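Structure first, commentary second.
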Amino acid sequence: MAGSKEDLTIHINEAWCKGCGICIAFCPKKVLGFNENGKVMMLDRDNCIKCGMCQMRCPDFAIFLGGKE
Amino acid sequence: MAGSKEDLTIHINEAWCKGCGICIAFCPKKVLGFNENGKVMMLDRDNCIKCGMCQMRCPDFAIFLGGKE
Amino acid sequence: MNHPLVENYFRMDKFPHIWCPGCGHGIIMASIARAIEKLGLDKDKVCIVSGIGCSSRAPGYMDFNTLHTTHGRALAFATGVKLANPDLEVIVIAGDGDLSAIGGNHLIHSARRNINLTTICFNNNIYGMTGGQYSPTTPTNEKGTTAPYGNIDKPFDIAKLAIGAGATYSARTTAYHVPQMDKLIEAAIKHKGFSLVEAISICPTYYGRKNKKGSVVDMMTWLKDNFVDVKVAEKLPQEKKEGKFLMGEFINIIEPEYTDQYAKIIEHFNK
Amino acid sequence: MNHPLVENYFRMDKFPHIWCPGCGHGIIMASIARAIEKLGLDKDKVCIVSGIGCSSRAPGYMDFNTLHTTHGRALAFATGVKLANPDLEVIVIAGDGDLSAIGGNHLIHSARRNINLTTICFNNNIYGMTGGQYSPTTPTNEKGTTAPYGNIDKPFDIAKLAIGAGATYSARTTAYHVPQMDKLIEAAIKHKGFSLVEAISICPTYYGRKNKKGSVVDMMTWLKDNFVDVKVAEKLPQEKKEGKFLMGEFINIIEPEYTDQYAKIIEHFNK
Amino acid sequence: MARKVKFLQGNEACVEGALMAGMTFYSGYPITPSTEIAELSAEKLPKIGGKFIQMEDEIAGIAAAIGASLTGAKVMTATSGPGFSLKQENIGYAALTEIPLVIVNVQRGGPSTGLPTAPGQGDVMQAMWGTHGDHPVICLTPDSVKETFDLTIRAFNLAEKYRMPVILLTDEITGHMREKIEIPEQSEIEVYNRIKPNLGDNYQAYKVEAGDLVPKMADFGSGFRYHVTGLMHDETGFPSNSTANAGRLMDRLMDKIEANKDDIITYEEIETEDAEYLILAYGGTARTAKAAVKTLRAEGIKVGLFRPITLWPFPNERVNTLSEQVKDIIVAELNYGQLILEVERVVKSNCPVRFCGKANGEVLTPDELIRKFKEVL
Amino acid sequence: MARKVKFLQGNEACVEGALMAGMTFYSGYPITPSTEIAELSAEKLPKIGGKFIQMEDEIAGIAAAIGASLTGAKVMTATSGPGFSLKQENIGYAALTEIPLVIVNVQRGGPSTGLPTAPGQGDVMQAMWGTHGDHPVICLTPDSVKETFDLTIRAFNLAEKYRMPVILLTDEITGHMREKIEIPEQSEIEVYNRIKPNLGDNYQAYKVEAGDLVPKMADFGSGFRYHVTGLMHDETGFPSNSTANAGRLMDRLMDKIEANKDDIITYEEIETEDAEYLILAYGGTARTAKAAVKTLRAEGIKVGLFRPITLWPFPNERVNTLSEQVKDIIVAELNYGQLILEVERVVKSNCPVRFCGKANGEVLTPDELIRKFKEVL
Amino acid sequence: MSKQLELRLSGSGGQGLITAGIILAEAALLDHKNAIQTQSYGPEARGGASKAEVIISDKSIDFPKVTLPNMSLALTQIACDKYISDITEDGTIIVDDSIVLPAQLVAKNIYRLPIIKTAIQEVGKEIVANIVALGLIVRLTGIVTDESLEKAILSRIPKGTEDLNKLALKKGYELAEGLLS
Amino acid sequence: MSKQLELRLSGSGGQGLITAGIILAEAALLDHKNAIQTQSYGPEARGGASKAEVIISDKSIDFPKVTLPNMSLALTQIACDKYISDITEDGTIIVDDSIVLPAQLVAKNIYRLPIIKTAIQEVGKEIVANIVALGLIVRLTGIVTDESLEKAILSRIPKGTEDLNKLALKKGYELAEGLLS
Ligand SMILES: Cc1ncc(C[n+]2csc(CCOP(=O)(O)OP(=O)(O)O)c2C)c(N)n1
Ligand SMILES: Cc1ncc(C[n+]2csc(CCOP(=O)(O)OP(=O)(O)O)c2C)c(N)n1
Ligand code: SF4
Ligand code: SF4
Ligand code: SF4
Ligand code: SF4
Ligand code: SF4
Ligand code: SF4
Ligand SMILES: [Mg+2]
Ligand SMILES: [Mg+2]
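As they're listed, the protein sequences go chains E, U, S, V, L, B, P and D.
Counting the first sequence from 1 gives a position; the working numbering is that position plus 21.
Counting the second sequence from 1 gives a position; the working numbering is that position plus 21.
Counting the third sequence from 1 gives a position; the working numbering is that position plus 1.
Counting the fourth sequence from 1 gives a position; the working numbering is that position plus 1.
Counting the fifth sequence from 1 gives a position; the working numbering is that position plus 20.
Counting the sixth sequence from 1 gives a position; the working numbering is that position plus 20.
Counting the seventh sequence from 1 gives a position; the working numbering is that position plus 44.
Counting the eighth sequence from 1 gives a position; the working numbering is that position plus 44.
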């Protein structure tokens, strides 16, 4: 697992996302949205504060913070 | 059932008495005792205050207040 | 002359009953009958339901509609009786094992539903019928044939368990405190909703013998000395309450009753 | 790159899981894994036990010793696992139906014994797996397929029921309040003795649809708006608490633990 | 008035039948693939003043039903394998205490949780032997939606008539398929009601009076204060340790079936008159067999179908007679061979008895059955 | 060192045997007439570091035992009819998940609560068919205190070897009578332990490796993190909806019995070599039969006894062979005819099969059996 | 089409295909034909693809299950991937035009049609895609009469949606007519 | 006495007759005989009369139950009323002298003896009436040797009560000897 927030970024596993919209609705920065397939997508990576709430509340393990690679 | 305490007296059904001694031990007037068969008997009818505690606590329905007949 | 209570409320030809000398169960059974008498209930409209155990033999002696079911299931059968015919006054008699071991689930669900059943638990802290195994109410460290080195379980507080499950009436009394027992059972029957009276009984044959509790009279004396009414206890100094057990009414509240609520659904369609 | 939690604590090849879009169960399952991670438990020494239900499918995804038992019986199986090998950290996952309907008896007895099991109840207030029948936690008046005119039952307060049965740790949290959930589950696992965390989940497919609770997000928002931590609630004025549900730790005390007590008996003979 | 034509699932037809038979009480616990029975009962019962209750588990489900039956209600509970296993103790209770009750088991696949949404016929022997101790059993099994309706009514009637639990053993196939069904008028339906004693009679709750099949049954609350117990009891209903009495009671209970097989047993036969081969199948699998028989007959093979509708008591005599007529019997069922054991017993050495079945959660297809049939030919 | 001679009840001998077989865990719920098994286990287990727990009911009793078995413990639970009925669901679970476990049923009288302190043999068919769905079954039944000891050991060994629940079906007669028993030295006793995988192996929890009878079984906590489920599962242990897979799994489970009957089946024969008549009896009733055979032989009647020790799987072949030799078979059992159904099936038309039994709570006396025997002669 | 119709309708849980199957079967009953409907159950039906199957025949129907459909419709990719390849050689496959068909598919007719799009764009509600599909199937097969179909639809749909559904049906017919012409 | 002993011991729950039966059987084992003991169970055994039965034989014992005892002992009236009339024609009945025997009783020997009284008065503890009874039975039947009986008794009784029990045994022997002389 990556270290400081600096090195982290949001990853999305579209194959697992079921499009429930939880992460989108409760993102404090409202930086997430749906793509045309009804899956989650990052709208505004710069404004993501890497709070991890999307990851915590995603029932499908489809969005998470990980190393930038 | 009989009316006032006056008309009542303790009856014993020896056939049902199992000789547990509860009525004897907790009779406030200590007027009950065991007979030679280990069953309850009235020792002192006059001092019985007809409180009914023996009847209430007898597990075997073997002692009770009833009409004098 | 016959015992008037027996004559009026019991099946006299079944006496003497099978319980051991000094078994507390007979005392509680009598109290139930007195409460019914006091309330002037129609015998034909009273139904007594039990499971299996020494205590559960009571219905066989009682002159009502009586149902001796399978071990632990009395409340489930009783729920069917009551819901199908809410006019019946349904009273459930259950041992501590019957009610709180195998039957524990039916207890908490009956309490939760607040269905108008009156449950009298004959709690002798042991499985009497099967010969003295520890039960869910056997005090820690006491012995049973299956707890030869002392019971390591924590016992249920049945009255509290029922409250946790949602009971609207819950009380405790003992085989020594018969006048109180009469009153609590009467109140429990009168209560509209699920009610539980945990009646502490004694089993001299197994619990008493196995745990060296002395004679029947010693066991009754222990009840006398160790239970305090909640109302009295409120006023007692702490040191006087130490180690004592509480009895009396723990809860008595009114909430919607199950068969009433069901009747409303039916009514809705009758309109 | 893979989700680190999944990579480390889950059986990745089983994903995506079978739960419906927005089902709260996945959120709770993740929280359990994070608590295990936080506590640094040895995966080989963790055992996850469940009954049958949507929630009970969780163990199949979790990379530990996992046991998917019969409906309602998880705690009884878990008791055997734990008593036979107290070195295992045994966590039980159970739906509200699984735990409090058919499994209610095992819940209260596990609590009573204070055996060191951690139970996480995935409470979605409905039988999800079988298609939306009302459960013992369905709120009064809400609908289920078997309560077409609204449920007339009073729901269990599971956390309170466990306390009534003797639980030494009991808490409630929701699928919205994940940081709190993480902490409570961690505390529950750490707790020596029986612990219960009632995690309020959501079932958009049945409970939500049947009761017109709106979207998944609406249901999550409802959790957000209607639960208050006990500690916070203590300080709130009455009108702010009105109609709110409490969450947080309700009890957390230490009492002798069952497998410890048993070990003492064995020790006694080893001396 | 025309009969209502409906397009229903077997499970729905079961509830329609139950209501026409007079069901006023349902208690149970949901389980796939029987749940629709509970759901529809929950919807319909209050409309006719009846009661539905979802209990905490299957044990409570049957217990409450028995309790309700004692008040005079006609009661039903439905379940599937795991729940049927849990109900076993109280099935024995109802049998010994002679309390009318209909128990529906919509069979699914496998032992344990198995294949919950798949069909199976693995509970056939359990229906007979699932509870401890000897006891009388009646078990009926339908092969269509309409017959599910009819047999539910019959199950209630038999339960009332013989004062015992009656098992309606359906399966996921018939339970979940939708088919056309004409619902008869209530007046066309024969409904049997338990015989009740008259107040003033010298009522002995477990005494069979002259001319009666079973003891009269008083409703709890109707003025007879009698005792019901799962212990061995005498004619008064009270427990008795007398072995002579126990023997008498058990003989009487078992004899309810033995002496009334003609009344209880029904079966269907298709093209058996000139059959040289016999397929024996029941429940959903009989549909496969019917299709297979048609195909085989079309090929000129003289094959017939025997379909027990009453599974227990098993139609021994008819099967024995048929086994003297045919060259071969093939038993088709969705299990590892259950009813075939009874067939083998009855057929003795009269002809070979062969098995065609599986228990993997699939239905048996006509092709599979035909293939198997031709193998053994 | 001399073997210890003891004077024990069958129930006590069961516990002695269990301990010698390696029992380290007992969980159950008391019920007459099995309670002594729990009581003695409670006393003895902690002394050897084992665990005893009295659960809240019989369902929990077997569930805890299964859970404990998964950690590597050898486990037992004991009960009687009503409790056996309650355990049925989880018996199926143990069968499908292949978890070793010994279940003792000390049979009492009657269905339901019946005659709790009286003997009976009414659970014979239930032992085979009590749970829903097809599943493999092994059921052993002793006729003496010593054999109760031996068969308990054998039950543990078979449970470990075939990874399945094994039922020891005793009765109040053998359970409660006291008889002499010589307890062998531990070293004289053959104890079978389940085969465990080695760490580092590519472990698939439900895959049978070449040369093995059953999948190797890892202890929970020993480093293999596998999944156990009562759903149909594949070789990895995870749920699978594939019907092909379900068929394979079920075939394999059923085949554990089918393919190993020679290893599993045992029986006793007395004077069968020249027998013209055969008495078939088992459990406590075999004692009656033994006495009867002696008496009849003394009268010059060529009668033999066949006593199945393994009830399930039933010794079909031997009984069939014997049925070709004898003129008549009389089956003696304390029920309304249970094992006789299997005998009839197996015997086909070879010879008449007759029944001598009762189910009133009494034992069958030698005189009764002799009388019945002579009636049919 | 005199032969027995063995139809499979597949898609996702909320698309109303089970209702569509029931409606078609009920229409057949109104035409005095025989019909049996079955469907998939369980968690599988929930998450992924669900299916409903209908057999319609002039003769009595013994075996109630569709072993190999002679007509199969799929509205989602998952359903298509799972179910579409089971088809008789002379059968007809219909999929929504959002679906990518597998490579080697053997069937007499294979149609990729804008069913969902029609529902959304021409009727105004995605939810009536099932009715569009019904119109399509009935026009292609003639398995039931138009009157019966309409009657069956109207007796199963929520009050107030009659016009919507009638329009959807018409659009379904038109989709088929486009093919046939 | 070469014939098989089929003995019934009956009385009330607390009188130790089951223990007596076991002791006698264990003594028989010490003598290399065969023995089986059975007893009554259940609530009936609790309230009213309880019974223990022992079969002792030189041969192996197949049928384990006593159908008709050839010796029967009762220590209480209830037990006597319930059990005593079952006896072989050439059998022996022994009852405590507190018991009133039923009118028409057929047996070879019928003894009414002060068993309990002996225990109370001559040994000092009512509880050892069972051992008095054992002495009596063994002396009457010779079914086991004195040594084995004593050994069996000593291995079953609580530590510290050896002398008491030995005395009881002696008194039992004496009671029998009084009859035989
Ligand atoms: C299913 C089942 N399990 C076990 C038993 C055995 N059994 C009968 S009564 C009883 C317990 C009795 O204890 P309790 O309910 O406390 O009643 P008590 O005899 O002490 O009055 C048990 C375990 C049974 N009859 N049925
Ligand atoms: C003995 C038994 N009864 C009933 C069922 C059917 N069943 C499976 S899961 C379930 C309830 C599921 O509800 P819950 O435990 O709340 O879990 P959820 O699906 O809501 O997560 C039921 C009734 C079963 N499998 N076994
Ligand atoms: S990490 Fe926080 S801010 Fe970033 S996307 Fe997730 S919830 Fe939004
Ligand atoms: S919470 Fe998860 S499943 Fe839901 S939309 Fe976001 S990433 Fe997708
Ligand atoms: S009535 Fe009262 S005083 Fe009289 S004997 Fe009874 S307890 Fe004693
Ligand atoms: S309480 Fe009853 S049984 Fe006990 S001694 Fe008194 S009368 Fe007899
Ligand atoms: S055993 Fe105990 S509970 Fe049972 S009757 Fe005797 S004293 Fe009462
Ligand atoms: S049915 Fe409900 S509980 Fe089950 S997976 Fe779907 S949303 Fe979750
Ligand atoms: Mg008790
Ligand atoms: Mg739920």
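From the three backbone atoms N, C-alpha and C, an ideal C-beta is built for every residue, glycine too.
Every value quoted in this text rests on a predicted model; they were computed, and no experiment measured them.
DSSP three-state assignment for residue i, whether helix, strand or coil
i: Asp348 of chain B; result: strand
i: Ala23 of chain U; result: Here the model assigns Ala23 of chain U a pLDDT of 43, short of 50, so the residue's position is not dependable, and the following value carries that caveat. Here Ala23 of chain U sits in coil by DSSP.
i: Ala148 of chain S; result: strand
i: His18 of chain S; result: coil
i: Gly216 of chain D; result: helix
i: Asp226 of chain S; result: helix
Closest Cα partner of residue i within the set the options
i: Glu59 of chain B; options: S:Thr147, S:Lys193, S:Pro22; result: S:Thr147
i: Asn9 of chain V; options: E:Glu90, E:Phe82, E:Lys89; result: E:Phe82
i: Tyr49 of chain B; options: S:Ile109, S:Gly132, S:Phe270; result: S:Gly132
i: Arg66 of chain U; options: U:Cys79, U:Cys48, U:Met77; result: U:Cys48
i: Pro386 of chain L; options: L:Arg374, L:Leu316, L:Pro328; result: L:Leu316
i: Val216 of chain B; options: B:Ile209, B:Glu202, B:Val234; result: Before going further, note that residue 216 of chain B is Lys rather than Val in the sequence given. Out of B:Ile209, B:Glu202, B:Val234, B:Val234 has the C-alpha closest to the C-alpha of Lys216 of chain B.
i: Gly377 of chain B; options: L:Asp154, L:Glu362, L:Ala38, L:Asp221; result: L:Asp154
i: Ala85 of chain V; options: B:Thr44, B:Ala115, B:Cys159; result: B:Thr44
i: Gly41 of chain V; options: V:Pro205, V:Lys213, V:Glu187; result: V:Glu187
i: Phe72 of chain L; options: S:Lys272, S:Asp43, S:Tyr259; result: S:Tyr259
Under 8 Å by beta carbon: chain V residues contacting residue i
i: Glu90 of chain E; result: Met2
Sub-9 Å separation of residue i and residue j beta-carbons
i: Ala95 of chain V; j: Ser51 of chain V; result: yes
i: Val165 of chain L; j: Leu28 of chain L; result: yes
i: Glu109 of chain B; j: Thr52 of chain B; result: no
Proximal chain B residues relative to residue i, where beta-carbon distance stays under 7 Å
i: Lys368 of chain L; result: Lys368, Ser369
Per-residue contacts from residue i into chain S (C-beta, under 8 Å)
i: Lys39 of chain U; result: Pro17, Cys21, Pro22, Gly23
Closer than 8 Å at the beta carbon, the chain B residues around residue i
i: Ile66 of chain D; result: Phe27, Arg198
task: Could you list the residues in the segment 95 to 113 of chain V with a C-beta less than 7 Å from some C-beta on chain B, going in chain order?
output: Flagged, chain order: Asn106, His107, His110.
- prompt: Which residues, in chain order, does the segment 39 to 61 of chain L contribute to contact with chain V at a C-beta distance below 8 Å?
  reply: The segment 39 to 61 of chain L vs chain V, Cβ under 8 Å: Tyr49, Pro50, Ile51, Thr52, Thr55, Ala58, Glu59.
Cβ-based contacts, 8 Å cut-off: residues of the segment 69 to 81 of chain P near chain L: For the segment 69 to 81 of chain P, residues whose beta-carbon sits nearer than 8 Å to a beta-carbon of chain L comprise Ala69, Glu70, Leu73, Asn78, Ala79, Ile80, Gln81.
Residues of the segment 73 to 106 of chain L whose Cβ lies closer than 7 Å to any Cβ of chain B, in chain order: If the cut-off is 7 Å between Cβ atoms, the segment 73 to 106 of chain L has Gly101, Pro102, Phe104, Ser105, Leu106 near chain B.
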